[in-house]
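Using numbering that gives the first Met the number 0, the first residue of the sequence shown is number 0, and each one after it goes up by one. A virtual CB, placed ideally from N, CA and C, is assigned to each residue, including glycine. Computed from a predicted model, the values in this text were never measured in an experiment.
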Amino acid sequence: MSLIKQNIPSTKGDLAAVIHYPEKETGGLAILCPGYLDTKDYKHLVKLAEELSQKGLVVVRFDPTGTWESAGTISDYTNSQYLIDIRNVLDYMTSQKDYQNILLGGHSRGGQMSILYAARDPRISVVLGIMPSFGPLLGRKREEWEKKGVHASYRDLPEDEEEKREILVPFSHILDRDNYDALEDVKKVHAPVVLVAGELDDLVTSAEVNQIFENANEPKVLITLAGIGHDYRHHDNEVELVNGRIMEGAGPYLFY
């Protein structure tokens, strides 16, 4: 397996991406999408990319516009732009060669975006939603965000979990997010859908993931994992467990 860092053109500048090329390609492509304000370099996505590549898929993980190593500002980080970014990554990869099947997946917001995008592009062969969020943000957090105009979030660095980066996200992010709902859009997806829920996840509960599953068309797979929370990426054994179950659940639709 070889890794190549690649800048992929998008509408707000280049997207920073890493492409995993397997020793022997099987004609499959996987695009992995980070969660809310997360990076392509977080361990759970890196390890999943390695697992998929070992099975013969070309795998791309990328930072959305306005985040981490990609061009743009945080004001550009919206669901609408994220969908454009996915399309540009897919267009770039398919301009290089034809792929027999294409997996689009991600964790949390990345899972949500994968569902939203697959509802809009029939090229997607398999959708993977790992603890996917959905719907608008309501309640007190929204009210405080609107009042202040920005919301401060903190993300650890992939090479140093103790060091945090502060990210100030404008309220315009929420206004754009209001226009999308994966719970409804999953009804428009006609590719196989593989969903992962963690029983200890208090950010995107297993009940919420089950709602998406109930709305999804067949064929569909729901993997519910005991002892797993939303931030499982901080624990190597949990990353291995989650990725192993993903490979089992998505494998029938990918490896042939």
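Check: Would you call N242 buried or exposed, if buried means 16 or more other Cβ atoms sit within 10 Å of its Cβ?
Finding: Its Cβ being crowded by 16 or more others within 10 Å, N242 is buried.
Item checked: L31 and M92 closer than 7 Å at C-beta -> For L31 and M92, no; Cβs fall outside 7 Å.
Notebook entry, point to check: With distances taken between CB atoms, is the gap from F170 to E142 smaller than 7 Å?
Noted result: Not in contact: F170 and E142 (Cβ atoms no closer than 7 Å).
Check: Along the chain, which unbroken stretches of the beta strand (DSSP E) at least 3 residues long are found entirely within the stretch 29 to 114?
Finding: Runs of the beta strand (DSSP E) lying entirely within the stretch 29 to 114 and spanning at least 3 residues, in chain order: 57 to 61, 100 to 106.
Margin query: Taking 8 Å as the limit between beta carbons, can you name the residues of its chain near R266, skipping five residues before and five after?
Written below: Past the boundaries of the shown model lies residue 266; the chain is included only from 0 to 255, so the question cannot be answered.
Next item on the list: Would you kindly work out how many angstroms separate the C-alpha atoms of G228 and E207, rounded to a whole number?
Entry: 14 Å
Item checked: Sequence-distant residues of the same chain with beta carbon closer than 7 Å to E50, five excluded per side -> In its chain, beyond the 5 residues on either side, N242, M246 have a beta carbon closer than 7 Å to the beta carbon of E50.
Note to self: Only counting the same chain, and skipping five residues up and downstream in sequence, which positions put a Cβ closer than 7 Å to that of E165?
What the structure shows: Excluding sequence neighbours, E165 sits near A151, Y153.
Margin query: I'd like the list of long-range same chain contacts for A225, defined as Cβ closer than 6 Å, with 5 residues on each side in sequence excluded.
Written below: E198
Next item on the list: Express the C-alpha separation of R244 and L89 in angstroms, rounding to a whole number.
Entry: 25 Å
Next item on the list: Determine the extent of the alpha helix (DSSP H) in which N6 is found, giving its start and end residues.
Entry: From DSSP, N6 is part of no alpha helix (DSSP H) but of the beta strand (DSSP E) over 1 to 9.
Next item on the list: Keeping to the same chain, check which residues put their C-beta closer than 7 Å to that of L184; ignore five residues upstream and five downstream.
Entry: Checking the sequence shown, residue 184 turns out to be Asp, not Leu. These residues qualify, in order along the chain: I114, L115, A118.
Item checked: N-terminal and C-terminal residue of the alpha helix (DSSP H) that S205 is part of -> 205 to 214
Check: Taking the alpha carbon of V130 as the point to measure from, which residue in H106, R122, V220, L136 has its own alpha carbon closest?
Finding: Residue 130 is actually Met in this sequence, not Val. The option with the nearest alpha carbon to M130 is H106.
Notebook entry, point to check: Under 7 Å between the Cβ atoms of A48 and V58?
Noted result: If you check the CB distance, A48 and V58 come in under 7 Å.
Note to self: Does K186 come out as helix, strand or coil in the three-state DSSP assignment?
What the structure shows: helix
Margin query: Restricting to runs no shorter than 4 residues, where is the alpha helix (DSSP H) found entirely within the stretch 123 to 192?
Written below: 139 to 147, 171 to 176, 181 to 184
Check: Looking only at C-alpha atoms, which of E161, D201, G250 sits nearest to H233?
Finding: Taking only the C-alpha atoms, the option nearest H233 is E161.
Note to self: Measuring only the C-alpha atoms, how far is G250 from T25?
What the structure shows: 13 Å
Item checked: Buried/exposed call for Q80, threshold 16 Cβ in 10 Å -> buried
Item checked: Secondary structure of H233, DSSP reduced to three states -> helix
Checklist line | Spatial neighbours of L136 in its chain, beta-carbon cut-off 7 Å, leaving aside the 5 residues before and after | finding: I173, R176
Checklist line | Same chain, Cβ closer than 7 Å to T223, neighbours up to 5 away in sequence not counted | finding: A196, E198, S205
Margin query: Mapping the DSSP letters down to three states, classify L253 as helix, strand or coil.
Written below: helix
Notebook entry, point to check: Taking the alpha-carbon positions, what's the P8 to A16 distance?
Noted result: 10 Å
Next item on the list: Measure from the C-beta of L199 to each C-beta in chain D and report whether the shortest distance is under 7 Å.
Entry: Absent here is chain D; the protein component of the structure consists of one chain.
Next item on the list: With a 10 Å radius around its C-beta and 16 neighbouring C-beta atoms as the bar for buried, classify Q99 as buried or exposed.
Entry: exposed
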